[in-house]
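Going by the numbering used here, the sequence shown opens with residue 25, and the numbers climb by one from there.
The structure under discussion appears below in the form of structure tokens.
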Amino acid sequence: MFTMRLEEHPLPTSRDDVDQLIDWLVATLGLVRRRADEHVDGDKMQPVVRLLREHLLARPKEGIDAASLADEMGLTAASLHHHISRLANCRILSSISAGDGWRRHFLRAGSMSAAVELLAVEATAVMKLRMSTLEQWWKRPEDPSLDVELESADRELPFRLWISEPRPLPPVEGVTELSLWMADLGLLGDRPKPQMAGDSLAPRLMQLLLQRGPPLSLDEAAAELGGAKARIGRILERFRAAGLVERVARTDRLATNLWTAMMTQYKRRGEDWILLKGGFNRIIPERQIESLTKALSKGKLTPEMVENELSKVAPAEQMLLLNLLGGRLPLGHRMVGKNAISNSAKLMSRLDRVLRRMKRVAELLDKAME
Numbered sequence: 025m026f027t028m029r030l031e032e033h034p035l036p037t038s039r040d041d042v043d044q045l046i047d048w049l050v051a052t053l054g055l056v057r058r059r060a061d062e063h064v065d066g067d068k069m070q071p072v073v074r075l076l077r078e079h080l081l082a083r084p085k086e087g088i089d090a091a092s093l094a095d096e097m098g099l100t101a102a103s104l105h106h107h108i109s110r111l112a113n114c115r116i117l118s119s120i121s122a123g124d125g126w127r128r129h130f131l132r133a134g135s136m137s138a139a140v141e142l143l144a145v146e147a148t149a150v151m152k153l154r155m156s157t158l159e160q161w162w163k164r165p166e167d168p169s170l171d172v173e174l175e176s177a178d179r180e181l182p183f184r185l186w187i188s189e190p191r192p193l194p195p196v197e198g199v200t201e202l203s204l205w206m207a208d209l210g211l212l213g214d215r216p217k218p219q220m221a222g223d224s225l226a227p228r229l230m231q232l233l234l235q236r237g238p239p240l241s242l243d244e245a246a247a248e249l250g251g252a253k254a255r256i257g258r259i260l261e262r263f264r265a266a267g268l269v270e271r272v273a274r275t276d277r278l279a280t281n282l283w284t285a286m287m288t289q290y291k292r293r294g295e296d297w298i299l300l301k302g303g304f305n306r307i308i309p310e311r312q313i314e315s316l317t318k319a320l321s322k323g324k325l326t327p328e329m330v331e332n333e334l335s336k337v338a339p340a341e342q343m344l345l346l347n348l349l350g351g352r353l354p355l356g357h358r359m360v361g362k363n364a365i366s367n368s369a370k371l372m373s374r375l376d377r378v379l380r381r382m383k384r385v386a387e388l389l390d391k392a393m394e
């Protein structure tokens, strides 16, 4: 069954360093799990790296049987089978029966560039198939955009996604189609079994995002789902790394946060500070300043009044005013795109970027091994 774990990394700095190119490819395919500090020699002595460098890439069209591999690499049959299976699952390695009871393993299609080309085609097809099922769970409003949309200042997290062929539901109580789909995409973490029940936190959080229009804050998620905010934050980071969820400014709370900041600073520092250092004179028109300060002095200012008085002030200027008043606009998480199709298109675009890098590195690796 086709399974692959993709992790986005910057392109290697060298064009002809075989070890560096192999290390990059192994890291991108998630074939080495780093649980401790890196070794002095990097990943050079990792079994999967040695298998690629000393055997598959050195003799791409000849192949080698498992018995010879185990002897030359000093591995047990179980350990060797583990590494061969992972390379076969991500379509880097192919095998054929040698007729003597042993299977002969070789680089798929006879070169790394050809193997990655075939891998990319299969990964794209499988991922399109998996993302096509998202539409049946998508229950968000037709236009979930906020009235005021601000470009996120967040940098994209490195893309991290598992790609796996569809499979039947396992005979485990509580597993749903959504939780299995999430497990196959790596959205439940490296050990998904404890969270595969449909009523566990991660699937319920995904269901909430698939039904909700405005962005979801950590406070709201914790109150509605009953989980710890730290744990919910980690789950949302996995969703973001997979390209399904984005983090945006909660501009729907802008008026409320401006009201809170105005009330707080007025009580602490008074009207003069609000007018001068608080940004009123700089940003707000005179007529609106008069209305707001009068309401502040009487203690009758409301978020609705703030929203109405600042309706003609540009969102960027309102953000500046909030900053001058010492307030902060909270962030929220929401599904990427207006519908399931645009969400899938964004994810496929990021997947294509990683696959193009893999093709480039595979070409460099073939040239370096000549």
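Where is the CB? At the ideal position from N, CA and C, for every residue including glycine.
Remember, predicted model here, so these are calculated numbers, not experimental data.
Proximity winner among the options, relative to residue i (alpha-carbon distances)
{"i": "Thr-395", "options": "Ala-386, Leu-346 and Leu-232", "result": "The question about residue 395 has no answer here: the residues shown for the chain are numbered 25 through 394."}
{"i": "Arg-271", "options": "Val-360, Gln-312, Ala-133 and Arg-77", "result": "Val-360"}
{"i": "Tyr-290", "options": "Leu-320, Glu-310, Val-269 and Gly-267", "result": "Leu-320"}
{"i": "Arg-311", "options": "Glu-333, Ala-338, Gly-351 and Leu-375", "result": "Glu-333"}
{"i": "Leu-185", "options": "Ala-392, Leu-389 and Ser-373", "result": "Ser-373"}
{"i": "Leu-325", "options": "Asn-305, Ile-307, Asn-281 and Lys-362", "result": "Asn-281"}
{"i": "Cys-114", "options": "Val-50, Val-330 and Ile-256", "result": "Val-50"}
{"i": "Arg-352", "options": "Arg-277, Ala-392, Glu-394 and Glu-331", "result": "Arg-277"}
{"i": "Arg-164", "options": "Leu-209, Met-220, Pro-239 and Arg-127", "result": "Pro-239"}
{"i": "Leu-211", "options": "Leu-193, Ala-266 and Pro-168", "result": "Ala-266"}
{"i": "Asp-178", "options": "Ala-273, Gly-198 and Pro-194", "result": "Ala-273"}
{"i": "Arg-83", "options": "Asp-376, Ser-135, Ile-46 and Met-287", "result": "Ser-135"}
{"i": "Glu-189", "options": "Val-150, Ala-207, Arg-377 and Arg-215", "result": "Val-150"}
{"i": "Thr-284", "options": "Glu-331, Leu-389, Asp-376 and Trp-48", "result": "Glu-331"}
Simplified DSSP state of residue i, which is helix, strand or coil
{"i": "Arg-110", "result": "helix"}
{"i": "Gly-251", "result": "coil"}
{"i": "Asp-61", "result": "Any reading at Asp-61 must be qualified, since the residue scores a pLDDT of 47, below 50, and its modelled position is unreliable; the value itself is stated next. Here Asp-61 sits in coil by DSSP."}
{"i": "Glu-141", "result": "helix"}
{"i": "Met-329", "result": "helix"}
{"i": "His-79", "result": "helix"}
{"i": "His-105", "result": "helix"}
{"i": "Leu-234", "result": "helix"}
{"i": "Glu-387", "result": "helix"}
{"i": "Val-196", "result": "coil"}
{"i": "Glu-244", "result": "helix"}
{"i": "Leu-260", "result": "helix"}
{"i": "Val-272", "result": "strand"}
{"i": "Leu-371", "result": "helix"}
{"i": "Arg-358", "result": "strand"}
{"i": "Asp-47", "result": "helix"}
{"i": "Glu-394", "result": "coil"}
{"i": "Thr-280", "result": "helix"}
{"i": "Ile-307", "result": "helix"}
{"i": "Ala-338", "result": "coil"}
{"i": "Arg-228", "result": "helix"}
{"i": "Met-25", "result": "coil"}
{"i": "Lys-20", "result": "Here the chain has residues from 25 to 394 only, and residue 20 is not among them."}
{"i": "Met-136", "result": "helix"}
{"i": "Thr-148", "result": "helix"}
{"i": "Val-56", "result": "coil"}
{"i": "Lys-291", "result": "helix"}
{"i": "Met-155", "result": "helix"}
{"i": "Leu-209", "result": "coil"}
{"i": "Met-69", "result": "coil"}
{"i": "Asp-41", "result": "coil"}
{"i": "Ala-285", "result": "helix"}
{"i": "Ala-266", "result": "coil"}
{"i": "Trp-162", "result": "coil"}
{"i": "Arg-377", "result": "helix"}
{"i": "Asp-167", "result": "coil"}
{"i": "Thr-317", "result": "helix"}
Those residues which DSSP pairs with residue i across a bridge
{"i": "Ile-120", "result": "Arg-128"}
{"i": "Ile-88", "result": "His-129"}
{"i": "Arg-184", "result": "Glu-31"}
{"i": "Ala-221", "result": "Val-199"}
{"i": "Leu-345", "result": "BP columns for Leu-345 are empty, so no partner."}
Integer-rounded CB distance, given that residue j should sit under 8 Å from residue i
{"i": "Glu-78", "j": "Pro-182", "result": "Their Cβ separation, rounded to whole angstroms, is 29 Å, which puts Glu-78 and Pro-182 out of contact at 8 Å."}
{"i": "Val-196", "j": "Ala-386", "result": "That pair is no contact at about 38 Å."}
{"i": "Leu-104", "j": "Leu-93", "result": "6 Å"}
{"i": "Met-343", "j": "Leu-81", "result": "With a Cβ gap of about 53 Å, Met-343 and Leu-81 do not count as contacting."}
{"i": "Ile-307", "j": "Val-337", "result": "7 Å"}
{"i": "Gly-198", "j": "Gly-222", "result": "6 Å"}
Beta carbon proximity, residue i to chain B, threshold 7 Å
{"i": "Asn-113", "result": "No chain B is present in this structure, which holds just one protein chain."}
Does the stretch 149-156 come into contact with the stretch 105-125, if we say contact requires no fewer than three beta-carbon pairs (one atom in each stretch) closer than 8 Å?
As far as the Cβ criterion goes, the stretch 149-156 does not touch the stretch 105-125, which means the pair count is below three.
Report yes or no: do the stretch 230-243 and the stretch 255-273 share at least 3 C-beta pairs separated by less than 8 Å?
With a cut-off of 8 Å, the stretch 255-273 and the stretch 230-243 count as touching, because enough Cβ pairs lie within range.
At least 3 beta-carbon pairs within less than 8 Å: the stretch 358-367 vs the stretch 314-329
Put simply, the stretch 358-367 does not touch the stretch 314-329. Fewer than three CB pairs are less than 8 Å apart.
For the stretch 196-204 against the stretch 215-227, do three or more pairs of beta-carbon atoms, one drawn from each stretch, fall closer than 8 Å, so that the two count as touching?
The stretch 196-204 makes contact with the stretch 215-227: 3 or more CB pairs, one atom from each, lie closer than 8 Å.
Okay, do the stretch 137-153 and the stretch 347-366 touch, 3+ Cβ pairs below 8 Å being the bar?
With the rule of 3 Cβ pairs closer than 8 Å, the stretch 137-153 does not count as touching the stretch 347-366.
Cβ pair count under 8 Å reaching 3, the stretch 292-299 against the stretch 243-250
No: fewer than three Cβ pairs fall under 8 Å.
For the stretch 73-87 against the stretch 38-58, do three or more pairs of beta-carbon atoms, one drawn from each stretch, fall closer than 8 Å, so that the two count as touching?
Contact holds: three or more Cβ-Cβ distances are below 8 Å.
Would you check if the stretch 107-118 and the stretch 131-140 touch, i.e. whether three or more CB-CB distances between them fall below 8 Å?
Contact holds: three or more Cβ-Cβ distances are below 8 Å.
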